[in-house]
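Residue numbering for the sequence shown follows the working numbering, beginning at 22 and increasing consecutively.
Where a beta carbon is used, it is the ideal one built from N, C-alpha and C, also for glycine.
The structure under discussion appears below in the form of structure tokens.
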Amino acid sequence: MSASNTNAEVMPTIPKMEHSQTPWAPGPYLNNPQEVSSDFLEINTLEKEHWPFFDKAQAAVMKYHSKYDNSHNFEHIQRVVKNAYDIHRDIIARDPSFAEGLDALTVYLGCLVHDVGDHKYQNRKGKCPYCGTDCSKCGNVRKGFLMTVVETVFWPFNRKEDGPTEDVKVLLLECGASEEFASKMQYIAKNVSYQNEKRIGPEAMNKVLEKHPELRIIQDADRLDTLGAIGQGRCFAFGGANLERQSQSIQMAVQHHWQKLYELPSMMKTRFGMEEGQARWEEMCVFRKWWLRETDVSSVLRRR
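Okay, structure coming up:
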């Protein structure tokens with residue numbers, strides 16, 4: 022038997038994908054109908070009276086996120102909202118009494134605005150971290166090397182917290198929200214992040230969750246998009262968009278597993294989040310084994 026015949030036998034047959042099966046936004050789903058909007062979300066657990074305001078907020082958030090790279094663009098927001106929808110439905114089925122105390126608008130709006138004012142995309146003067154301006158020139162895609170170094174070194178000592186700026190409140194007020202509601206959503210958005218939770222500690226976070234139980238869903242929904250195949254893809258995407266990361270090894274995108282991601286499954290606040298988070302982390306562990314195997318070049322490196 023020839024080598025070519027042997028290879029032909031062991032190689033799997035790859036089915037040919039017809040044009041009608043190619044993906045349509047907003048997700049890579051086979052035969053996703055063209056009439057599905059690639060923009061606005063529709064959630065059947067949200068009361069109809071809230072739709073006009075929710076649509077205004079969606080349009081504003083979509084515009085705001087257009088300056089972010091594709092690790093944190095509006096597609097990320099869509100996935101977080103979808104995760105929240107799955108978690109919310111699971112809570113309704115498993116714990117209806119707890120579900121009754123949840124405000125659906127707060128849940129889904131919190132997902133929409135959770136990255137508005139994200140510190141990763143602002144320097145300490147509130148400008149774009151890629152160019153140090155208002156993003157009118159760079160579209161938030163690049164920034165000068167010197168700005169990168171200065172911001173990386175001094176940013177941790179110049180900011181008071183890791184949550185978003187007042188951008189959430191401003192955006193929602195412009196969409197017609199009351200001062201009280203906009204301030205509430207600003208506070209919730211500030212408490213979504215992993216870094217903020219690590220900074221304030223579990224006792225303080227529990228008090229926040231007591232006051233705003235919807236935050237349990239928002240946090241888990243966001244963190245699920247940091248795990249699994251999509252989480253790994255976002256690590257690579259962020260690394261490719263950030264000039265500082267571009268000068269580092271591509272291995273940083275996988276080393277991030279041990280800088281943060283391994284903690285996330287145990288930090289979930291809902292049962293669905295814990296189960297799905299663990300499953301996605303296990304996916305990353307499988308990926309990491311293949312990654313280490315394929316990137317190990319030690320056999321051809323010169324010994325010191």
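If I follow the unbroken alpha helix (DSSP H) through residue i, where does it start and stop?
i    : result
H233 : Segment: none, H233 is in no alpha helix (DSSP H) and carries neither H nor E.
F293 : 292-316
E121 : 117-121
M206 : 200-211
R220 : 215-221
M273 : 273-280
C256 : 249-262
G131 : 125-134
P73  : 72-86
V137 : It is not in any alpha helix (DSSP H) - V137 carries neither H nor E in the DSSP assignment.
E195 : 188-195
For residue i versus residue j, is the C-beta distance shorter than 8 Å?
i    : j    : result
L123 : P234 : yes
A250 : D90  : no
I338 : F259 : In the structure displayed, the chain extends from 22 to 325; residue 338 sits before or after that span and is not available.
E187 : Q207 : yes
F308 : Q269 : no
C329 : F61  : The structure shown does not extend to residue 329, since the chain is modelled only from 22 to 325, so the question has no answer here.
D136 : H93  : yes
Y129 : L192 : no
V189 : A210 : yes
Report the residue from the options whose alpha carbon sits nearest the alpha carbon of residue i.
i    : options                : result
V134 : W312, E96, R115, E304  : E96
I239 : A225, I221, H71, V213  : V213
K88  : R314, D139, K103       : D139
I112 : K290, V321, D317, C256 : K290
D317 : E297, R325, P286, I271 : I271
K69  : L126, N94, V101, S92   : L126
L313 : M273, G298, R325       : M273
Q99  : S319, C132, L282, K141 : C132
H285 : F257, W311, L248       : In the sequence as displayed, the identity of residue 285 is Leu instead of His. That would be L248, whose Cα lies nearest to the Cα of L285.
K141 : Y106, Y129, P117, H86  : H86
R237 : F257, E63, E200, M295  : M295
### Message
Would the region 69-81 count as touching the region 236-249 if we require 3 or more Cβ pairs under 8 Å?
### Response
no
### Query
Any chance the region 277-290 sits against the region 298-312, with 3 or more Cβ pairs inside 8 Å?
yes
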